[in-house]
Amino acid sequence: RQRLAEFCRPETKLYLCDSGGVVETVTMGDMLPYGFQGDMLK
38 RQRLAEFCRP ETKLYLCDSG GVVETVTMGD MLPYGFQGDM LK
């Protein structure tokens with residue numbers, strides 16, 4: 038999760054899957070609405 042937060046943009050699509058395939062598609066912003074980026078720490 039942290040690696041995704043560091044290297045993905047909020048609009049990056051994440052495909053949530055199970056053994057049958059894609060169950061849901063969400064954005065990184067949906068998954069981590071209050072996440073912070075490394076540049077915020079400078």
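The sequence shown lines up with residues 38 to 79 when you count with the numbering used here. Glycine included, every Cβ here is placed at the ideal spot set by N, Cα and C.
- The C-beta separation of residue 65 from residue 46 comes to about 7 Å, placing the pair in contact by the 8 Å criterion.
- In this structure, the straight-line span from the alpha carbon of residue 69 to that of residue 54 is close to 18 Å.
- Rounded to whole angstroms, the separation of the alpha carbons of residue 38 and residue 63 is 14 Å.
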